[in-house]
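Numbering (UniProt numbering), first residue to last: 1 to 202. Cβ atoms here follow ideal geometry from the backbone N, Cα and C, with glycine treated the same way. A short worksheet on the structure shown next.
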Amino acid sequence: MSMPLTSLFRSNEIKLSEKNEASVVRDCLMAELEYQMRERQHAKWQEEEDRKKKQGVADYSWLVSTPPKYFTPPQLQVLQLEELCGDVRSTETGRIINRFRDVLAREPQVEEIPLLLNAVMHQVIQERPQEETLSEWVAKRTSSLTRLRNNVRVSPLNTDSADDNTQVTKRSLSMPEFSARARTGQPRSLAEFCTNIDDLPV
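Below, the structure is given as structure tokens:
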């Protein structure tokens with residue numbers, strides 16, 4: 001059974017987007033690391049130059065043809081940082097950079113800067129909210145169903161007959177009582193009307 005081409009293209013697009021996102025995060029964080037190391041290196045050179053000027057030491061560094069070298073982290077350390085960058089989400093990049101810059105405000109040594117970035121990334125990753133496991137999800141749904149079942153109330157089945165009896169009782173109390181003769185509809189004679197004067201209509 002062959003896979004439809006649309007599904008194949010869609011899966012390739014998802015993988016490509018995830019790969020591009022991870023690459024962007026890695027490039028962004030590594031570029032920030034390189035920039036901060038260069039800035040710290042320049043600041044260190046400037047501090048040394050100012051110190052020599054205060055001490056009255058002649059500076060002949062301009063005679064040197066080769067420019068000073070920037071600090072380069074060990075290759076193994078760079079690979080570890082790049083691998084850790086792959087675990088960082090794109091939404092966490094800004095928080096990592098801001099926290100990394102706050103740490104660098106203490107003016108650490110250039111050699112310490114890669115270690116500080118490593119520590120900041122580990123800290124942000126560990127601060128993620130823990131995902132709900134399958135057992136926790138099942139336990140939560142079971143408890144909610146139990147509470148729902150306990151709150152359900154079943155009404156008795158004989159309520160209709162009780163209501164019917166009540167309505168019959170109310171109807172019998174509201175209707176006047178008639179004699180058997182009145183119900184049969186037989187006319188009364190004049191003698192009967194005279195003997196029962198109280199029954200005559202007023």
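With a threshold of 16 other beta carbon atoms within 10 Å, residue 93 meets it and is buried.
Residue 129: not part of any alpha helix (DSSP H); DSSP gives it neither H nor E.
Looking from the CA of residue 125, the closest CA among 141, 138, 85 and 103 belongs to 85.
Close CB contacts of residue 114 within its chain, under the 7 Å cut and outside five residues either way in sequence, are with 33, 73, 77 and 81 (chain order).
Between residue 116 and residue 108, the C-beta gap is smaller than 8 Å, which places the two residues in contact.
For residue 86, there is no enclosing alpha helix (DSSP H), as DSSP gives it neither H nor E.
By the beta-carbon neighbour count (other beta carbons within 10 angstroms, threshold 16), residue 29 is buried.
Burial check for residue 25: the Cβ neighbour count within 10 Å reaches 16 or more, so the residue is buried.
Separation of the CB atoms of residue 121 and residue 88 is rounded to 6 Å, and the pair is thereby assigned contact status at 8 Å. When 149, 110 and 119 are compared, the shortest CA-CA separation from residue 99 is found for 119. If you draw a straight line from the Cα of residue 145 to the Cα of residue 139, it is about 10 Å long.
In the displayed model, residue 71 falls within coil according to three-state DSSP, outside both helix and strand. Residue state for residue 106 is assigned as coil, using DSSP reduced to three classes. In summary, residue 40 is buried, with 16 or more beta-carbon neighbours lying within 10 Å of its beta-carbon over all protein chains present. In this structure, residue 110 sits away from residue 69, with a CB-CB distance that is not shorter than 8 Å. Straight-line spacing of the CA atoms in residue 55 and residue 42 works out to 20 Å.
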